[in-house]
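What follows is a short report on a single structure.
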Amino acid sequence: MPVGRHRREVFVSSKKSPLLALTLGAVGVVYGDIGTSVLYAVKEVFGPGHVPFTTDNVYGILSIIFWTLTVIVSIKYVVLVLRADNNGEGGLIAMLALASNAVKDKPRLRRMLLVVGIFGTSLFYGDGVITPAISVLSAVEGLEVVSPAFTRGVIPITLVILFGLFALQKHGTAGIGKFFGPITLVWFATIALLGISQIVNNPVILKALSPYYALMFMWVNPGTTFIILGAVVLCVTGAEALYADLGHFGKRPIRLAWFAIVMPCLVLNYFGQGALLLSNPAAVKNPFYMMAPEWLLLPLVGLATMATVIASQALITGAFSVTKQAIQMGYLPRLNIQHTSVRDTGQIYMPFVNWCLFGTIVLAVVMFRSSSNLAAAYGIAVCTDMLITTILTFFVVRYSWKYPLSLCIAATGVFFVVDFAFFASNLMKLFAGGWFPLLIGGAVFTLMITWKEGRHILTEKLRADAIDLPGFLDAVFVSPPARVAGTAVFMTSEPGTVPNALLHNLKHNKVLHEQNLFVTVRNHEVPWIGMNKRLEIESLGHDCWQVKVHYGFKNDLDLPKALQQIKGRGCELEAMNTSYFLSRDTVVPTIGSGMAHWREKLFAQMHHNASGAADFLNLPNNAVVELGSKVEI
């Protein structure tokens, strides 16, 4: 999967696991997408007919592919970007948090980076639809090489495989995740052997390792080079995954897996396809499968399908992880999150995200109908995210690492030029299908920005109407209401203000609990906040306390567990005697203030459909009281 995988929290291995085990895990999780790019990358470069079929051109294209892998993956991501870890975490959201914090003293620049970063995150969903569709479809298309009679079954078989994959998500990945590394390792060994079997017949193809052939091709064919970059980019599908999974595996296993296993196998296969094309130009219709002997075709289709399913699985769980992080950073409303493992909190399932993703992927398969057509839709989103990663890296290197400006420009400038060249080339595919992932990404971006701005407007409205909490309590205890046994936890978005739930409780029930906690949950732009920094507590007198609970965007929210730290600090919290009071606000859009009216309606609908705070905060269902009110924005 290309862009923005944002640490796919699946198939968990402890950071203390042996290097070999982590490296094997990285092969299965990190490099599934880029490992299946051999199915379609060379085919899409030569297939459309932009490149005349000559020996020099085959050398030139293979040299461009090799040096694209070297510059973009090996140097940019493995050497440079992997250094930009945010408390050990990687991915576009982690990079965004790192860059925005580095320029927090420059508010306008920080706002601009946040918008750019969130746009890149939104594009992940558009790219995330194309990648499983093109991967699984290209694998199943191998049946057409076995026999033309299978052609009609390609799309139905693809859809059945995808449906089975998405239907399994609710059961979690713990049971099958342990097989992903070994299966993917078999896949890489197989593609390497296929490549070697062709290279030994035509070893002269290895001359293409020299950059001379890439440079000569670009010099002689500048226009053609610009056009075919839109297909060459297919060879780096999943490049961002190695950065996104930094927190999961660590730098050393990811680097070792790339240099020792993944890149050598990819290069051998690509050069094997080139050797085959030199001896049999007709193989251009599907050079990957035509490298294999006839007896191996069906098993190879099966193995390729498993490899693409593994790559798609990593993308799906990546979508869950990204969505959860966006929710905790305040860019999406709360959604139903189910934990599928009692040991690993990172293994989650989000039904709404799962089936929306499946429905859109089905639409892509039915609309485009072949991997070649989907290749036209692929590229714009991933190249935009590659550009955004380079831009954010510049600000991290300059303002967080404090390197000189000239060194920062030198370190990121070359990558910016390369990324921009790929981006500009892919713009040519805009009307051929590139609009599809951009449309999805644009829709998600609109939702995210609308939710963020709507929450800000709602908070300002509530703050304007808020009552000062300490003063209110002093007034209440002049003539105190009846006190009842137990502890009441009142959730409030702003510390120091009276929550509506307290007002309604006093108005209708005319009682106050023996102990009262006024709790505000704060989510921060860092991946993790440890339990030692989880709570801030301040006594308000009269057995009342103001509590702030802090979470990073990768922490799992569990409020009852966090509040257990209050014990011994003047408040004894007993789970059986604790009630949680929540305010359920109904948003009423009004004309003439705030956002555009259609955006206010959209925000109101998102607010209405958001899952309950009780589930999101992991509150016990039998101890929650919700009291509603209407708020005009």
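The working numbering applies: residue 324 is where the sequence shown begins, and numbers increase by one. Note that beta-carbon positions come from the ideal geometry of N, C-alpha and C, so glycine has one too.
Whole angstroms are fine: how far does the CA of residue j sit from the CA of residue i?
{"i": "Asn-941", "j": "His-831", "result": "27 Å"}
{"i": "Gln-928", "j": "Thr-773", "result": "11 Å"}
{"i": "Ala-531", "j": "Gly-561", "result": "24 Å"}
{"i": "Leu-750", "j": "Pro-727", "result": "33 Å"}
{"i": "Lys-493", "j": "Phe-643", "result": "12 Å"}
{"i": "Arg-778", "j": "Val-676", "result": "21 Å"}
{"i": "Val-948", "j": "Leu-905", "result": "6 Å"}
{"i": "Leu-405", "j": "Tyr-566", "result": "6 Å"}
{"i": "Leu-626", "j": "Thr-481", "result": "14 Å"}
{"i": "Leu-488", "j": "Ala-824", "result": "43 Å"}
{"i": "Ala-580", "j": "Phe-502", "result": "17 Å"}
{"i": "Ser-286", "j": "Lys-953", "result": "The displayed coordinates of the chain run from 324 to 956. Any statement about residue 286 would go beyond what the structure contains."}
{"i": "Arg-328", "j": "Ala-789", "result": "Here Arg-328 scores only 42 on pLDDT, less than 50, and its place in the model is too uncertain to base an answer on."}
{"i": "Asp-908", "j": "Lys-871", "result": "21 Å"}
{"i": "Gly-756", "j": "Phe-691", "result": "8 Å"}
{"i": "Lys-647", "j": "Gly-935", "result": "15 Å"}
{"i": "Lys-709", "j": "Glu-563", "result": "Checking the sequence shown, residue 709 turns out to be Met, not Lys. Going from the Cα of Met-709 to the Cα of Glu-563 covers about 8 Å."}
{"i": "Asn-944", "j": "Ser-902", "result": "10 Å"}
{"i": "Phe-759", "j": "Gly-765", "result": "10 Å"}
{"i": "Ala-733", "j": "Leu-421", "result": "20 Å"}
{"i": "Phe-473", "j": "Pro-479", "result": "11 Å"}
{"i": "Asn-410", "j": "Gly-736", "result": "26 Å"}
{"i": "Ser-602", "j": "Leu-880", "result": "60 Å"}
Buried or exposed for residue i, please, with buried defined as at least 16 other CB atoms from any protein chain shown within 10 angstroms of its CB.
{"i": "Asn-839", "result": "buried"}
{"i": "Asn-828", "result": "buried"}
{"i": "Glu-412", "result": "buried"}
{"i": "Ser-605", "result": "Going by the sequence as given, residue 605 is Ala instead of Ser. Ala-605 is exposed by the Cβ-count criterion."}
{"i": "Arg-578", "result": "buried"}
{"i": "Gln-887", "result": "exposed"}
{"i": "Phe-939", "result": "buried"}
{"i": "Pro-325", "result": "Only weak support is given to the placement of Pro-325: the predicted model assigns it a pLDDT of 38, under 50, and the question is left unresolved by the model."}
{"i": "Ser-445", "result": "buried"}
{"i": "Glu-783", "result": "exposed"}
{"i": "Ile-914", "result": "exposed"}
{"i": "Phe-486", "result": "exposed"}
{"i": "His-931", "result": "exposed"}
{"i": "Trp-618", "result": "exposed"}
{"i": "His-571", "result": "buried"}
{"i": "Ala-364", "result": "buried"}
{"i": "Glu-367", "result": "buried"}
If you measure between the beta carbons of residue i and residue j, is that distance less than 8 Å?
{"i": "Phe-511", "j": "Cys-558", "result": "no"}
{"i": "Ile-684", "j": "Gly-440", "result": "no"}
{"i": "Ile-522", "j": "Ala-687", "result": "no"}
{"i": "Ile-956", "j": "Gly-893", "result": "no"}
{"i": "Pro-818", "j": "Thr-843", "result": "yes"}
{"i": "Met-586", "j": "Leu-392", "result": "yes"}
{"i": "Gly-449", "j": "Leu-770", "result": "no"}
{"i": "Phe-549", "j": "Ser-386", "result": "no"}
{"i": "Ala-805", "j": "Lys-833", "result": "yes"}
{"i": "Ile-506", "j": "Ile-671", "result": "no"}
{"i": "Phe-813", "j": "Pro-822", "result": "yes"}
{"i": "Ser-693", "j": "Met-614", "result": "no"}
{"i": "Thr-716", "j": "Thr-359", "result": "no"}
{"i": "Phe-876", "j": "Ile-416", "result": "yes"}
{"i": "Tyr-593", "j": "Ile-388", "result": "yes"}
{"i": "Val-426", "j": "Phe-718", "result": "yes"}
{"i": "Asp-797", "j": "Glu-837", "result": "no"}
{"i": "Tyr-382", "j": "Tyr-536", "result": "yes"}
I believe residue i touches residue j by the beta-carbon criterion, under 8 Å. Please report the beta-carbon distance rounded to the nearest angstrom.
{"i": "Phe-745", "j": "Val-556", "result": "5 Å"}
{"i": "Val-459", "j": "Ser-695", "result": "The pair is not a contact, with the Cβ atoms about 15 Å apart (cut-off 8 Å)."}
{"i": "Ile-639", "j": "Leu-680", "result": "7 Å"}
{"i": "Arg-845", "j": "Ala-885", "result": "Not confirmed; about 11 Å, so no contact."}
{"i": "Val-361", "j": "Val-469", "result": "That belief does not hold up - the Cβ atoms of Val-361 and Val-469 are roughly 18 Å apart, past 8 Å."}
Which two residues bound the contiguous alpha helix (DSSP H) that contains residue i?
{"i": "Val-438", "result": "430–463"}
{"i": "Lys-647", "result": "620–651"}
{"i": "Gln-838", "result": "Here Gln-838 belongs to no alpha helix (DSSP H); instead the beta strand (DSSP E) covers 834–847."}
{"i": "Ser-952", "result": "Premise fails: Ser-952 lies in the beta strand (DSSP E), 947–955, not in any alpha helix (DSSP H)."}
{"i": "Arg-1017", "result": "Residue 1017 cannot be examined here, being either before or after the span of the chain that is shown, 324 to 956."}
{"i": "Ser-694", "result": "694–700"}
{"i": "Lys-884", "result": "882–886"}
Note the first and the last residue of the continuous beta strand (DSSP E) segment covering residue i.
{"i": "Tyr-536", "result": "No beta strand (DSSP E) holds Tyr-536; the alpha helix (DSSP H) holding it covers 534–543."}
{"i": "Glu-776", "result": "Looking at the DSSP string, Glu-776 is not in any beta strand (DSSP E); the run it does join, the alpha helix (DSSP H), is 758–787."}
{"i": "Tyr-903", "result": "901–911"}
{"i": "Tyr-874", "result": "867–875"}
{"i": "Ile-814", "result": "The sequence given here places Met at residue 814; Ile does not occur at that position. First-last of the beta strand (DSSP E) with Met-814: 805–814."}
{"i": "Glu-859", "result": "858–864"}
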